[in-house]
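**Student:**
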Amino acid sequence: MNNAQIVESNNFPALFQDYGKQLYEIRSQMLHFYNKINEFDLTTMAESSLEELYEIFSELDTLGHLDVDNEMCEFVLRDPVIQSLLPAVHSSYSSFFSLHETQLARKILNHENPWKMLESFPLYPRYENLINVHVRNSPRIEVLAFIGCGPLPVTLLLFSKLYGIRCIGIDKDPEAVTLAKRCVKHFGLEKEIIIVEGDETVLAELEWDSVLIAGLAEPKARIFQNLHNIIKRRKSESKKLISVCYRNYTGMRQLLYWPVRPEHSRGFQKISEIPPTGGANNTLVFLECE
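The numbering used here numbers the first residue of the sequence shown as 2 and each following residue consecutively.
#1: In this structure, how does DSSP classify G268 when only helix, strand and coil are distinguished?
#2: Relative to the C-alpha of H229, which residue among F34, Q255, V212 is closest?
#3: Verify whether the separation of the beta carbon atoms of G280 and R127 is less than 7 Å.
#4: Could you check what DSSP says for N11 in three-state terms: helix, strand or coil?
#5: Is D62 helix, strand or coil by DSSP?
#6: From this set, K241, N36, T251, T284, which residue's C-alpha is nearest N130's C-alpha?
#7: Have a look at A181, I232, I57, Q226 and flag the residue whose alpha-carbon is nearest the alpha-carbon of E206.
#8: Going by beta-carbon coordinates alone, are A177 and G170 separated by less than 7 Å?
#9: What do you get for V245, buried or exposed, if any count of 16 or more other CB atoms within 10 angstroms of its CB means buried?
#10: Tell me the rounded alpha-carbon separation between F225 and E201.
#11: Can you check DSSP and say which residues form a bridge with Y247?
#12: Within the same chain, show all residues whose beta-carbon is closer than 7 Å to that of A218, passing over the 5 residues directly before and after it, in chain order.
#13: Express the C-alpha separation of K240 and L54 in angstroms, rounding to a whole number.
#14: Which of the three DSSP states is assigned to A5 in this structure?
#15: Could you give the distance in angstroms between the alpha-carbon of E291 and the alpha-carbon of Q270?
#16: Provide the residue span of the beta strand (DSSP E) that contains C150, from first to last.
#17: What separation, rounded to the nearest whole angstrom, lies between the Cα atoms of E120 and H135?
#18: Could you pull the DSSP bridge partners for R167 from this structure?
#19: Using only the alpha-carbon positions, how far apart do E289 and T45 sit?
#20: According to DSSP, S273 sits in a beta bridge with which residue or residues?
#21: Please state if the CB of L157 and the CB of C184 are separated by a distance shorter than 7 Å.
#22: If you follow the beta strand (DSSP E) that E198 is in, where does it begin and where does it stop?
#23: Which first and last residues belong to the alpha helix (DSSP H) in which E75 is found?
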């Protein structure tokens, strides 16, 4: 064993002693959340009480926002118990977003003032912050394509409202597409925002100069590969720069959902990475096609 290994070995017990109590508390909270999502039918809950659904997932959100150092974060993410829970937790987080957006979309469609209703949505400030950060780091967007827009395309509504950016929403779920189209029309933005059913390959037939990949859009490797092929063909026809951005889960936010791995985005070069601020869950990663 070399000196570096001896130092690392000697430090580990002390580190674990320091972090052990906090790790135990986080593990206990993860188990509590896991038991809750297995106890309730999330679909039924979303239909009866969005507030109750928010309350359950606020527990997970709180864990994702814990202010811990990198070493503690690594201890948490490598913990065998927590690792065993993550597939179910990540799946429930994805379901939560789909369910709450569907129910909120339906509420908005029944409200005569959709902006007032949307702005009362607890996560609205996070979306607004994400859009502001995105535009500050990619200021020359004319037409934004968003892969995985969902049934309530808050991202597109805000890009249009705040910055006058024309948008294309892509989603492969027919029900989500139907609701998204109705919502866009209800907000009076059907001339500025179009919603298209399909996966990322439909972008080959549309005009856009910037693309955003939702944090929950899957499968990531295929999406990046298809985007790479589309952009390479466009670069051969035009010199215009195409902006690529994806929303990622990093640090403790990896308790919420799987992060994008480097092998997913092969063929792209990272330009910048903006950590979450203002309560947001997503890191923004900007890329260029190689």
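We treat Cβ as the ideally placed atom computed from N, Cα and C, and that holds for glycine.
For clarity, every value in this text was computed on a predicted model and none was experimentally measured.
**Tutor:** Based on what the coordinates show:
#1: Counting from 1 along the sequence shown, the entry for residue 268 is found at position 267. Note: G268 maps to coil in three-state DSSP.
#2: Your numbering for residue 229 matches position 228 in the sequence shown. Comparing Cα-Cα distances from H229 to each of F34, Q255, V212, the minimum goes to V212.
#3: Mapped onto the sequence shown, residue 280 falls at position 279. Mapped onto the sequence shown, residue 127 falls at position 126. In contact: G280 and R127 (Cβ atoms closer than 7 Å).
#4: Here residue 11 corresponds to residue number 10 of the sequence shown, with the count starting at 1. Unreliable placement is indicated for N11, whose pLDDT of 43 sits below 50; no coordinate value is reported for it.
#5: Locating residue 62 in the sequence shown gives position 61, counting from the first residue. DSSP places D62 in helix when its eight states are reduced to three.
#6: As a working mapping, residue 130 is identified with position 129 in the sequence shown. Out of K241, N36, T251, T284, T284 has the C-alpha closest to the C-alpha of N130.
#7: Locating residue 206 in the sequence shown gives position 205, where the first residue counts as 1. Scanning A181, I232, I57, Q226 for the CA closest to the CA of E206 turns up I232.
#8: Against the sequence shown, residue 177 aligns to sequence position 176. Against the sequence shown, residue 170 aligns to sequence position 169. Cβ atoms of A177 and G170: not closer than 7 Å.
#9: Taking the first residue of the sequence shown as position 1, residue 245 is located at position 244. Burial call: buried.
#10: By 1-based counting over the sequence shown, the position of residue 225 is 224. By 1-based counting over the sequence shown, the position of residue 201 is 200. Straight-line Cα distance between these residues: approximately 9 Å.
#11: One-based indexing of the sequence shown puts residue 247 at position 246. Answer is I214, V286, bridged to Y247.
#12: To locate residue 218, count along the sequence shown from 1; it is residue 217. Closer than 7 Å at the Cβ level, and outside the excluded window around A218, lie I148, G149, I224.
#13: Within the sequence shown, residue 54 is the residue found at index 53, counting from 1. Within the sequence shown, residue 240 is the residue found at index 239, counting from 1. When rounded, the distance between both Cα atoms is 47 Å.
#14: Counted from its first residue, the sequence shown places residue 5 at position 4. Only weak support exists for where A5 lies, its pLDDT of 39 falling under 50; the coordinates are left without a value.
#15: Sequence index remark: in the sequence shown, residue 291 carries index 290 (1-based). Sequence index remark: in the sequence shown, residue 270 carries index 269 (1-based). E291 and Q270: Cα-Cα distance of roughly 6 Å.
#16: Taking the sequence shown and counting its residues from 1, one reaches residue 150 at position 149. No beta strand (DSSP E) holds C150; DSSP gives it neither H nor E.
#17: Position 119 of the sequence shown, counted from the start, is the residue given in the question as residue 120. Position 134 of the sequence shown, counted from the start, is the residue given in the question as residue 135. About 20 Å.
#18: Walking along the sequence shown from the start, residue 167 turns up at place 166. V144, per the DSSP bridge assignment.
#19: The residue you call residue 289 lines up with position 288 of the sequence shown. The residue you call residue 45 lines up with position 44 of the sequence shown. Straight-line Cα distance between these residues: approximately 42 Å.
#20: On the sequence shown, position 272 is the one that residue 273 refers to. F287, per the DSSP bridge assignment.
#21: Numbered from its first residue, the sequence shown carries residue 184 at position 183. Numbered from its first residue, the sequence shown carries residue 157 at position 156. No, they are not a contact pair.
#22: As a first step, residue 198 is located in the sequence shown; it is residue number 197 there, counting from the start. Its beta strand (DSSP E) spans residues 194-198.
#23: Residue numbering aside, residue 75 sits at position 74 when the sequence shown is read from its first letter. Start and end: 71-79.
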